[in-house]
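Colleague:
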Amino acid sequence: MNDRDAHSQVVRWVETVTGIDTIKAYQSGPAPTTPYNMVNMLGSRDIRAHEQVIEFADQGPDVKASPVIEVEWSFSVHAYGSNPTDNLRGIRSAAKLSQVMEPMLPSLIVHEVSQIRHVPDWINNQWQPRAQLDLFVRGLTRDGFLLDVIEQTEINIERV
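Quick note on full-length UniProt numbering: the sequence shown kicks off at 1 and runs consecutively.
1) Return the chain-ordered ranges of every beta strand (DSSP E) run that is complete within the UniProt domain "Phage neck terminator protein gp12-like" (10 to 157) and spans a minimum of 3 residues.
2) Helix, strand or coil for Arg-159? Go by DSSP, reduced to three states.
3) Look at Leu-108 and Val-68 and say whether their C-beta atoms are less than 9 Å apart.
4) Judging by CA-CA distance, which residue of Ile-155, Ile-23, Gln-99 and Lys-64 is the nearest neighbour of Ser-76?
5) What do you reckon, are the CB atoms on Asp-62 and Asp-148 nearer than 9 Å?
6) Where Gly-134 and Ile-155 are concerned, what is the direct C-alpha to C-alpha distance, given to the nearest angstrom?
7) Sorted by chain position, which residues of the same chain lie with C-beta nearer than 6 Å to Val-100's C-beta, five sequence neighbours on each side aside?
8) For Thr-85 versus Ala-131, is the C-beta spacing smaller than 9 Å?
9) Please identify the residue among Gly-19, Val-53 and His-78 whose C-alpha is closest to the C-alpha of Ser-66.
10) For Val-160, does the count of other Cβ atoms within 10 angstroms reach 16, so buried, or fall short, so exposed?
11) Measure the beta-carbon distance from residue 163 to Pro-35 and round it to whole angstroms, keeping in mind my assumption that it falls under 8 Å.
12) If we ignore side chains and look at the alpha-carbon of each, how far apart do Pro-32 and Ile-20 end up?
13) Could you tell me if Trp-13 is buried or exposed, where buried requires 16 or more neighbouring beta carbons within 10 angstroms of its beta carbon?
Shown next as C-alpha cells:
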C-alpha cells in the first residue's frame, strides 16, 4: 500500500458511507456543487519502532527485500453545504461496523475517528456552513529494495 492508494481508497469509502460526492483535496479543478466532502491526506507514521517481518523474493540474480511495516495514515475530512455535521456523522457510525469497512479491507482499517467540528467559514461576505473531522486508518506497507547478493564463491585456505 502506498500513500496515493490509501488516499484514493479513503475517498471512495467516505463517498460510499456518506452518499455524497467526495473529492481529493488540491486537485486544481472547479468545486462540485454542494453538498460535497473533501479528503486531505495529512501524513503517515510508523506504528512500531521496527518492521514486523522482512519478505524476500528472488529477482533474477538479485534478491528483493521488503520490510513489512504497519503504518497509520491521517486524513482531514471536510464537509461543505447545508448540515455539514450531519453529513459527516455517518463516518463515525460506519467505523464501528466491520461490515461497512469491508470495501477497504484487508489493506486498510479505520482505527480512529475524531470529534466532528463545526467550522463555518466567512466567504464573499457571508457565512458558509462547514464541518471537519480527522480520520486515522492503518495498513501495511511493503516497499521493496533490490539487494546484491553473493551467489557463489570459492574459499581457498592454504598453509604458509
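Where is the CB? At the ideal position from N, CA and C, for every residue including glycine.
Modeller: Checking against the coordinates, here is how it stands:
1) Secondary structure within the UniProt domain "Phage neck terminator protein gp12-like" (10 to 157): the beta strand (DSSP E) runs of 3 or more consecutive residues, fully enclosed, are 22 to 24, 36 to 46, 53 to 59, 62 to 80, 108 to 113, 121 to 123, 126 to 128, 130 to 142 and 145 to 147 (chain order).
2) coil
3) no
4) With distances taken between Cα atoms, Ser-76 lies closest to Ile-23.
5) yes
6) Inspection of the sequence shows that residue 134 is occupied by Asp rather than by Gly. Cα to Cα, Asp-134 sits roughly 59 Å from Ile-155.
7) Ala-94
8) yes
9) Val-53
10) exposed
11) Absent from the model: residue 163. The displayed extent of the chain is 1 to 160, so no value can be given.
12) 11 Å
13) Around the beta carbon of Trp-13, a 10 Å sphere encloses 16 or more other beta carbons of the protein chains shown; the residue is thus reported as buried.
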